[in-house]
Every structure is written in C-alpha cells, then in structure tokens.
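*Asks:*
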Amino acid sequence: MKILVTGAAGFIGSASAQRLLARGDDVVGLDNLNDYYDVSLKQARLNRLIEHRAFRFVKLDLVERHGIEELFRREKFNRVIHLGAQAGVRHSLDKPHSYVDSNVTGTLNILEGCRHTQVQHLVFASSSSVYGASTRMPFSVHESASHPMSLYAATKRSGELMAHNYAALFRVPVTVLRFFTVYGPWGRPDMALFLFARAIINGQPIDVFNYGQHTRDFTYIEDIVEGVVRASDLIATEDAHWDGANPDPATSRAPYRLYNIGSNRPIPLLRYIELLEGCLGRKANLNYLPLQPGDVPDTYADVSELVAAINYCPNTPIEVGIENFVRWYRDYYGV
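If you're matching positions, the sequence shown starts at 5 in this note's numbering and goes up one per residue.
1) Is the Cβ-Cβ distance between residue 125 and residue 177 less than 7 Å?
2) Could you name the residues that DSSP lists as bridge partners for residue 108?
3) For residue 339 and residue 292, what's the separation of their Cα atoms in angstroms?
4) If you check the beta carbons only, do residue 266 and residue 221 fall under 7 Å apart?
5) Taking only runs that begin and end inside the segment 83-134, name each unbroken alpha helix (DSSP H) of 4 or more residues, in chain order.
6) Tell me which same chain residues have a C-beta within less than 6 Å of the C-beta of residue 105, skipping the five on either side of it?
7) Measure the C-alpha to C-alpha separation of residue 300 and residue 92 and round it to an integer number of angstroms.
8) Which runs of the beta strand (DSSP E), 3 residues or longer, sit entirely within the segment 143-219?
9) By how many angstroms is the C-alpha of residue 274 removed from the C-alpha of residue 206?
10) What does the alpha-carbon distance come out to for the pair residue 162 and residue 147?
11) What do you reckon, are the CB atoms on residue 284 and residue 225 nearer than 7 Å?
12) If you run the structure through DSSP and keep just helix, strand and coil, what is residue 275?
13) Measure the C-alpha to C-alpha separation of residue 305 and residue 16 and round it to an integer number of angstroms.
14) Go ahead and label residue 241 buried or exposed: buried means 16 or more other beta carbons lie within 10 angstroms of its beta carbon, across all protein chains shown.
15) Just tell me which of 336, 319, 116, 165 has its CA closest to the CA of residue 269.
16) Pop quiz: residue 233 and residue 23 are said to be a contact at Cβ under 8 Å. What is the actual Cβ separation, rounded to whole angstroms?
17) Give me whichever residues DSSP pairs with residue 305 in a beta bridge.
18) So residue 159 and residue 127 are in contact, right, with Cβ under 8 Å, and what is the actual spacing, rounded?
19) Mark residue 28 as exposed unless 16 or more other C-beta atoms lie within 10 angstroms of its C-beta, in which case mark it buried.
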C-alpha cells in the first residue's frame, strides 16, 4: 500500500504513520509545519519517521491547491488518511480564517485529489466537538450533529458533509472518524495533559474551567491509532438498507461510513488531574474558572458501531496512559 497521511508531523498523524510503516506500508507524510505550537516537537516526531526507508516527507500546505493536485497525480495513492487540520477549539475564537482555510478549503483539496486519482479509500478525521450543544449521552453517530458550539467544530462538520457529497457524487469511499480527547506521549502542547504537567512541574497554577465539572472521554493514542489503521482497511460501502424517509447520519446509499472513536469511559477532569499529580509526585494549584466560550461540559462516545465494524477495543486504563505520558515528558524535556 502507498498511503498518504496528512498532518504527519502532528500527534495522531505521526503515530498513525509509525503504525503503517511498522506493518510494511509505504507512507508519504504531508505537513506544513506551521507554528501553532512548538515546531521543534513536530520536527522531533518527523525525525522518528524519517528513519524508515519507506517514509517520505512532503512539506506542503493543504490550501496549496496546485501542489496538492500535483502530489496526487505523481504519487497515485492507494489510500489517504486525512488527519491534517488547524486544531484547537479556543484558538478558533481568535483566528477563524485559518480554520476555514485548512479545515474546509484544505479538505476540499484532498477530496479533489482522491476523486481525480481513484483513491481506494479516504479516512477523514473529524471531532467529538461536532456534537456541540447536545446533552444526550453517550454521543451517538445515529443522531444529528447540527449544533456545533465553536468554529473549529463547524469546520469539522463541514468536512464531514463535503466528504459525504464526494462519496455520493463521485463514489469516493469515505470513512469519517470522530475523535474523542486523544492523549499520550508525543501529544500536543496546547492540550490539557501537557498544559497541566508543565504547570505542576513549574509550580504554576492550573486553569480549571467549568469549575472542574468537566468529564471527558480521554482516549489513549495507541488505542486511537489501532482504530485508525483498522478503519482504513475496511473500505466504506453503500448501505443497501438506508432509508431516505428515516435517514441515518452514520450510513448512506453512498460509500460512506461515520464512527465515533473514543474510550467509552468518560473520566472527571479532577480525577484526571489527581492521577497526574500522583505520577508527578506534586500537588497542583487549581485556579477554578467558568466554562469557556465554545467549550462543552461533557463528552462520552458510543463506540458500538466501530466495535462491530473492526473489533475496535480501547483497553488502555487512564492510569497507565497518564503514567506513560509523564515518563515520556520527563525524558523528552529532561525533567
């Protein structure tokens, strides 16, 4: 297999590329190496991939239409795992245009590349944030996701709809995965675990939003990657039983499938912090704040569809995942 992984210098992208290389695939990794967060961390992730002879890196922005067209024409990918995006709910409040550029226009360019080069299967990374204002737990792919609460979420929902359109009109097989709070070694510095660890180590206060009354479906990176790779192997097909009178958002008459990918075990945020304190051997100074604009109080994934489809089995306990992260953090930063 020759597989394109977008966002290859990112957290999930680099880990997914590692798994694909380990099983013998040829991987082309695309990333623009922007400075949304520490570029040296992105480069360090890339350095681990470049060690493999079956990996090639292409520095390219998703919005560069002609560059993406040429890449697809030249490489003739079998499959595409589209993980590249402008991430971060809170950042989207300040830099909205970058989200539309990367997550909407960039995704359109990837869809066009798949369409014109007959890619066998596209896996598109969406987000649990698309559920937005919904309070019906656990979140189900069979329910509408029509009330996103941030522009980031709206751009991801737009990507889902565009992907379905290309599946319907051009028969591009697409599987959409809605990710739930991924954490672990080599993670993103703008995410809670990273921010909390750095603050605790430096004796600084932690901002705890919604006065600590959050729960999150924290999902360990290795469990996520296993699901991503297995989903890429199960090429989306039409649902012969799909009924327009009772439309199911998770399937279609087109070759399109939609799944949640999470741990199915929501954890209170304060328990998350408590476990981190135990691994670091230090207490946190908690600065309680109200719910931030664009944020949601709780996330909880119904993953039964993904379990049935690919035998997805997220089995890393939160205690083990946080311990692994702390071990990596200490080693990487020499703490």
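Glycine included, every Cβ here is placed at the ideal spot set by N, Cα and C.
*Replies:* The relevant details are as follows:
1) Yes, they are a contact pair.
2) Answer by DSSP bridge pairing: none, since residue 108 is not bridged.
3) Rounded to the nearest angstrom, the two C-alpha atoms are 27 Å apart.
4) It is a contact, given that the beta carbons lie within the stated cut-off.
5) Restricted to the segment 83-134, the alpha helix (DSSP H) segments that are unbroken, complete and at least 4 residues in length are 100-103, 110-120, listed in chain order.
6) These residues qualify, in order along the chain: 67.
7) About 13 Å.
8) Within the segment 143-219, the complete beta strand (DSSP E) runs of at least 3 residues are 178-183, 209-212.
9) Going from the Cα of residue 206 to the Cα of residue 274 covers about 19 Å.
10) Rounded to whole angstroms, residue 162 to residue 147 spans 16 Å at the Cα level.
11) Not in contact: residue 284 and residue 225 (Cβ atoms no closer than 7 Å).
12) Residue state, collapsed to three classes: helix.
13) The straight-line gap from Cα to Cα measures roughly 18 Å.
14) Residue 241 should be labelled exposed.
15) For residue 269, the nearest C-alpha among the options comes from 319.
16) Distance from residue 233 to residue 23 at the Cβ level is roughly 5 Å; contact confirmed, criterion being Cβ atoms closer than 8 Å.
17) According to the DSSP secondary-structure assignment, residue 305 is paired through a beta bridge with 143.
18) Not a contact, Cβ separation roughly 18 Å.
19) Around the CB of residue 28, fewer than 16 other CB atoms lie within 10 Å, so the residue is classed as exposed.
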